[in-house]
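Okay, so here's the structure we're looking at.
Residue numbers (the working numbering): 116 to 263.
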């Protein structure tokens with residue numbers, strides 16, 4: 116089993132030594148200030164452009180995550196935490212913000228590891244926030260989320 120799958124199953128730690136439970140319990144301030152957890156909580160099959168040391172999912176990892184009830188629960192908890200973060204905070208509701216890349220990653224990872232329904236639900240949450248704020252987010256970022 117890979118370190119990434121161990122992390123998502125709650126049996127391992129991320130690159131900074133945090134468990135998935137510790138990551139999900141992070142404060143909003145910690146979520147905003149830490150940039151190395153998102154690739155572990157919402158991994159992809161492609162390397163991160165922001166964190167060269169971030170893990171990359173293999174086909175075997177994807178299959179293992181799909182088959183693991185524990186990993187699915189962790190992903191659901193991570194999704195809820197990030198949705199709450201974006202609903203409760205407004206600093207990211209601007210034309211350009213690093214959170215826009217995070218949102219794209221979350222949607223792609225959910226589509227890969229949990230399914231299209233979960234990915235689309237998360238996308239709807241952030242698009243609704245953008246709409247409620249008067250659409251301050253760039254059209255390019257919104258398009259990335261739609262295509263993710």
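All C-beta atoms in this analysis are idealised placements derived from N, C-alpha and C, irrespective of residue type, glycine included.
Taking its Cβ as the centre, do 16 or more other Cβ atoms sit within 10 Å of residue i, making it buried, or is it exposed?
{"i": "residue 201", "result": "buried"}
{"i": "residue 195", "result": "exposed"}
{"i": "residue 142", "result": "exposed"}
{"i": "residue 250", "result": "exposed"}
{"i": "residue 145", "result": "exposed"}
{"i": "residue 230", "result": "exposed"}
{"i": "residue 157", "result": "buried"}
What does the alpha-carbon distance come out to for the pair residue i and residue j?
{"i": "residue 291", "j": "residue 149", "result": "As shown, the chain starts at 116 and ends at 263. That puts residue 291 outside it, with no answer to give."}
{"i": "residue 191", "j": "residue 237", "result": "11 Å"}
{"i": "residue 152", "j": "residue 261", "result": "23 Å"}
{"i": "residue 257", "j": "residue 185", "result": "31 Å"}
{"i": "residue 178", "j": "residue 140", "result": "26 Å"}
{"i": "residue 131", "j": "residue 228", "result": "23 Å"}
{"i": "residue 180", "j": "residue 123", "result": "8 Å"}
{"i": "residue 232", "j": "residue 133", "result": "28 Å"}
{"i": "residue 213", "j": "residue 207", "result": "8 Å"}
{"i": "residue 147", "j": "residue 182", "result": "31 Å"}
{"i": "residue 162", "j": "residue 169", "result": "7 Å"}
{"i": "residue 165", "j": "residue 220", "result": "11 Å"}
Under a three-way DSSP split, which group does residue i fall into?
{"i": "residue 193", "result": "helix"}
{"i": "residue 147", "result": "helix"}
{"i": "residue 215", "result": "helix"}
{"i": "residue 261", "result": "helix"}
{"i": "residue 232", "result": "helix"}
{"i": "residue 208", "result": "coil"}
{"i": "residue 119", "result": "helix"}
{"i": "residue 224", "result": "helix"}
{"i": "residue 177", "result": "helix"}
{"i": "residue 188", "result": "helix"}
At least three beta-carbon pairs within less than 8 Å, the stretch 201-216 to the stretch 239-246: yes
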